[in-house]
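A.B. asks: First the structure, then my questions, so here it is.
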Ligand code: XMP
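Numbering (the numbering used here), first residue to last: 12 to 627.
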């Protein structure tokens, strides 16, 4: 008999983190599911609490309707960010936007409340908001504040209704899990009656039901998600019903294809087919400069390759479904839920895939999971730790780590001077700051941004005395105040004792006309391999979640510059730049300089938000 698990309902107002809230409660052994804000929750058996997620809207907007009866059910309610505003708005408080937002880390002074039991006082939390609650509803008290947001947390203890301006669900809110634990156990009285193994059994059964008598054609990149998906499908459907294809896009890392084949063969997936499509990918990306356009072309080509191979091996499309190792963050960042904004179109969420999904021709057993849950499932399925712990690598590969520029769209110098002056007022001496004319994608307050990076130069610095904590404060101070900038970099090829007195000035750098070419890809492959090798040598593969290296079309003598972007994260929805040990950073930088094929080398000191992990 299935157990009727206790449940917490999470109302999805479109935040990038909504699903993560549910995930956090499941981690605590409490079943939590997402619902539309207009759902009738009175029908859910065993409901013990409600969470109102964050979202890109403003409380009271007509586009964000909700069922007001949730406030009449007598159940505990917890609002995060937009949810916090909604509680205030609905119950007669006030919400305003005075132009000061908070994006990234902040310190909240927390007061006395059940929801904060076990916390110390000054709590490091993750913020991502423009609106704020400016007057409490009746019956509420303030239980936390920051200098920029005096009502960062509020409570009506008698009614068990709580509002938090910050996001306790993201790991960078240091004690966020304690807050959710307090809500689940002390406020909702949860009994801890849920575990991940229940999920595996359910997914296997669901997969059999969805696939019926058909077979599955799976695109396998060799990364964690597609490999776990492969193992899961084989377990659910049997080996003869799953066909795996690895497409060599030419956008892979150095020696990647051979490595993927080798490790999958070792894990017992001998039937994997490999298709070399590098020429098609390269030619389709010729003279394409816009990041979203690149992503869409790459995603479409994967579908074309699948169709082509199907024809080549004589498969009848009626008998086959397309399998994908899509996980939850892929869906949410492509604007995959009701209210969410599109941050990036992931390769497995392009238009044609959406059509196939609508026609019931796609199966994605992992689509509700996060990376750490996928890894847990991989272990349960018996995959080797080496495979399960591979660092994530995006489907579009190096194609989205090679920024392009069409010289026709030159920049507006005056606008730049104005931005530079505004930043100069924020940056303390002796630092100096410049704005680069290139752009990258970011995420702020649940919206996509496409803005400039700012480079902070630190005179006479050495690798050993880079003040990372100070940079972590300076970086959001710039991006919170200057909207034209969504990333902060430091320059690491000059000074720092890293190179023989290179007299190169950022002011002399200029935009370079550049597109996706084999030469640039080969250079990026080489630099990426250097970063990977040094990271592995320093045994940092588990501490660093992912280490993208980006080639940007800005520099001297038509040579690209390089951005190093190591980050720590747990599920990629938020991330923190990873302060590399001085020796490791120095080694990487000197090896890049020794190639003699690049201009400046930068290190990205932007957290997510406001930057995303990848630049495009
Ligand atoms: P961002 O850059 O949005 O990336 O912070 C979050 C995570 O997703 C990966 N990523 C992708 N993975 N297909 C994928 O399979 C894609 O199109 C794609 N784009 C980004 C990224 O590497 C990071 O781990």
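The beta-carbon is built from N, C-alpha and C at its ideal position, and this holds for glycine as well.
Considering residue 137, what are the terminal residues of the beta strand (DSSP E) in which it resides?
C.D. replies: Here residue 137 is taken as the residue at index 126 of the chain shown, counted from 1. Unbroken beta strand (DSSP E) run through residue 137: 133–140.
A.B. asks: So, residue 531 versus residue 413, is the Cβ gap smaller than 7 Å?
C.D. replies: The residue you call residue 531 lines up with position 520 of the chain shown. The residue you call residue 413 lines up with position 402 of the chain shown. Result yes, Cβ atoms of residue 531 and residue 413 sit closer than 7 Å.
A.B. asks: What first and last residue would you give for the beta strand (DSSP E) that runs through residue 628?
C.D. replies: Past the edges of the chain, shown from 12 to 627, lies residue 628, and the structure says nothing about it.
A.B. asks: Apart from the five residues on each side of it in sequence, which residues of its chain come closer than 6 Å, Cβ to Cβ, to residue 203?
C.D. replies: Position 192 of the chain shown, counted from the first residue, corresponds to residue 203. So the list reads 40, once near-sequence residues are dropped.
A.B. asks: Under 7 Å Cβ to Cβ from residue 128, same chain only, skipping five residues before and after it: list those, please.
C.D. replies: In the chain shown, the residue the question calls residue 128 occupies position 117. Excluding positions up to five away in sequence, the list reads 193, 197.
A.B. asks: Under three-state DSSP, which class holds residue 375?
C.D. replies: As a working note, residue 375 is residue 364 in the chain shown. Reduced to three states, the DSSP call for residue 375 is coil.
A.B. asks: For residue 576, which of 569, 570, 567, 563 has the nearest alpha-carbon?
C.D. replies: The residue labelled residue 576 in the question sits at position 565 within the chain shown. It is 563 whose Cα lies nearest to the Cα of residue 576.
A.B. asks: Hey, would you say residue 456 sits closer than 7 Å to residue 139, going by beta carbons?
C.D. replies: By one-based count along the chain shown, residue 456 stands at place 445. By one-based count along the chain shown, residue 139 stands at place 128. Taking 7 Å as the Cβ cut-off, residue 456 and residue 139 qualify as a contacting pair.
A.B. asks: Tell me residue 272's beta-bridge partners as DSSP assigns them.
C.D. replies: What you label residue 272 is simply residue 261 of the chain shown in a count that begins at 1. DSSP lists no partner for residue 272.
A.B. asks: Taking Cβ positions, are residue 411 and residue 565 nearer each other than 7 Å?
C.D. replies: Within the chain shown, residue 411 is the residue found at index 400, counting from 1. Within the chain shown, residue 565 is the residue found at index 554, counting from 1. The answer is no: Cβ separation not under 7 Å.
A.B. asks: Using three-state DSSP, classify residue 464 as helix, strand or coil.
C.D. replies: Translated into positions along the chain shown, residue 464 becomes position 453. In the structure shown, residue 464 sits in a strand (DSSP, three-state: E or B).
A.B. asks: Does the beta-carbon distance from residue 389 to residue 595 come in below 7 Å?
C.D. replies: Walking along the chain shown from the start, residue 389 turns up at place 378. Walking along the chain shown from the start, residue 595 turns up at place 584. Cβ atoms of residue 389 and residue 595: not closer than 7 Å.
A.B. asks: Kindly identify the DSSP beta-bridge partner or partners of residue 665.
C.D. replies: Since the displayed the chain opens at 12 and closes at 627, residue 665 lies outside it and no answer follows.
A.B. asks: Would you say the beta carbon of residue 624 is closer than 6 Å to some non-hydrogen atom of ligand 1?
C.D. replies: As a working note, residue 624 is residue 613 in the chain shown. Yes.
A.B. asks: Taking C-beta to C-beta, are residue 258 and residue 288 nearer than 7 Å?
C.D. replies: Mapped onto the chain shown, residue 258 falls at position 247. Mapped onto the chain shown, residue 288 falls at position 277. Result yes, Cβ atoms of residue 258 and residue 288 sit closer than 7 Å.
A.B. asks: Suppose contacts are defined by Cβ-Cβ distances below 7 Å. Is residue 110 in contact with residue 144 by that definition?
C.D. replies: Taking the chain shown and counting its residues from 1, the one referred to as residue 110 is at position 99. Taking the chain shown and counting its residues from 1, the one referred to as residue 144 is at position 133. Result no, Cβ atoms of residue 110 and residue 144 do not sit closer than 7 Å.
A.B. asks: Is residue 480 buried or exposed, if buried means 16 or more other CB atoms sit within 10 Å of its CB?
C.D. replies: In the chain shown, residue 480 corresponds to position 469, counting from 1. Its Cβ having fewer than 16 others within 10 Å, residue 480 is exposed.
A.B. asks: According to DSSP, is residue 307 part of a helix, a strand, or is it coil?
C.D. replies: By one-based count along the chain shown, residue 307 stands at place 296. Reduced to three states, the DSSP call for residue 307 is helix.
A.B. asks: By alpha-carbon positions, which one of 252, 182, 302, 355 ends up nearest to residue 35?
C.D. replies: As a position in the chain shown, residue 35 is number 24, starting the count at 1. If we check each option's Cα against that of residue 35, 182 comes out closest.
A.B. asks: So does residue 406 have its beta carbon nearer than 6 Å to some heavy atom of ligand 1?
C.D. replies: As a first step, residue 406 is located in the chain shown; it is residue number 395 there, counting from the start. Indeed, a heavy atom of ligand 1 lies less than 6 Å from the Cβ.
A.B. asks: Between which two residues does the alpha helix (DSSP H) holding residue 396 run?
C.D. replies: As a first step, residue 396 is located in the chain shown; it is residue number 385 there, counting from the start. That run of the alpha helix (DSSP H) goes 396–399.
A.B. asks: On the CB-based measure, 16 or more other CB atoms within 10 Å of its CB, does residue 281 come out buried or exposed?
C.D. replies: Numbered from 1 along the chain shown, position 270 holds the residue referred to as residue 281. So residue 281 counts as exposed.
A.B. asks: Helix, strand or coil for residue 36? Go by DSSP, reduced to three states.
C.D. replies: The residue labelled residue 36 in the question sits at position 25 within the chain shown. Helix, per DSSP.
A.B. asks: For residue 547, count neighbouring C-beta atoms within 10 Å of its own C-beta (all shown protein chains included) and say buried if the count is 16 or more, exposed if not.
C.D. replies: To locate residue 547, count along the chain shown from 1; it is residue 536. Exposed, because fewer than 16 other Cβ atoms sit within 10 Å of the Cβ of residue 547.
A.B. asks: Taking the runs of the beta strand (DSSP E) that are 3 residues or longer, which of them lie wholly in the segment 556–586?
C.D. replies: As far as the segment 556–586 is concerned, its whole beta strand (DSSP E) runs of at least 3 residues are 560–563, 572–575.
A.B. asks: Are residue 48 and residue 28 close, meaning C-beta to C-beta below 7 Å?
C.D. replies: For this step, residue 48 is matched to residue 37 along the chain shown. For this step, residue 28 is matched to residue 17 along the chain shown. Result no, Cβ atoms of residue 48 and residue 28 do not sit closer than 7 Å.
A.B. asks: If I follow the unbroken beta strand (DSSP E) through residue 257, where does it start and stop?
C.D. replies: Start at 1 with the first residue of the chain shown, and residue 257 comes out as number 246. 253–259 is the span of the beta strand (DSSP E), which, as asked, contains residue 257.
A.B. asks: Look at residue 227 and residue 326 and say whether their C-beta atoms are less than 7 Å apart.
C.D. replies: As a first step, residue 227 must be located in the chain shown, where it is residue number 216. As a first step, residue 326 must be located in the chain shown, where it is residue number 315. Cβ atoms of residue 227 and residue 326: not closer than 7 Å.
A.B. asks: Drop a sphere of 10 angstroms on the beta-carbon of residue 37, count the other beta-carbons inside from all chains shown, and report buried for 16 or more, exposed for fewer.
C.D. replies: Residue 37 sits at position 26 when you count from the first residue of the chain shown. By the 10 Å Cβ count, residue 37 comes out buried.
A.B. asks: What's the C-alpha gap between residue 276 and residue 252?
C.D. replies: Position 265 of the chain shown, counted from the start, is the residue given in the question as residue 276. Position 241 of the chain shown, counted from the start, is the residue given in the question as residue 252. For residue 276 and residue 252, the distance between alpha carbons rounds to 18 Å.
A.B. asks: So residue 385 and residue 235 are supposed to be a Cβ contact under 8 Å. How far apart are they, rounded?
C.D. replies: Working through the chain shown from its first residue, we reach residue 385 at position 374. Working through the chain shown from its first residue, we reach residue 235 at position 224. 6 Å between Cβ atoms; contact.
A.B. asks: Hey, is the segment 216–227 in contact with the segment 161–176, meaning 3+ C-beta pairs nearer than 8 Å?
C.D. replies: Verdict: no, contact absent.
A.B. asks: Three-state secondary structure (DSSP) at residue 338?
C.D. replies: Translated into the one-based positions of the chain shown, residue 338 becomes position 327. Note: residue 338 maps to coil in three-state DSSP.
A.B. asks: Hey, residue 188 and residue 95: beta-carbon distance below 7 Å or not?
C.D. replies: Counting from one through the chain shown, the residue named residue 188 turns up at place 177. Counting from one through the chain shown, the residue named residue 95 turns up at place 84. Not in contact: residue 188 and residue 95 (Cβ atoms no closer than 7 Å).
A.B. asks: Taking only runs that begin and end inside the segment 75–160, name each unbroken beta strand (DSSP E) of 3 or more residues, in chain order.
C.D. replies: Within the segment 75–160, the complete beta strand (DSSP E) runs of at least 3 residues are 88–91, 105–107, 113–121, 133–140, 143–146, 152–157.
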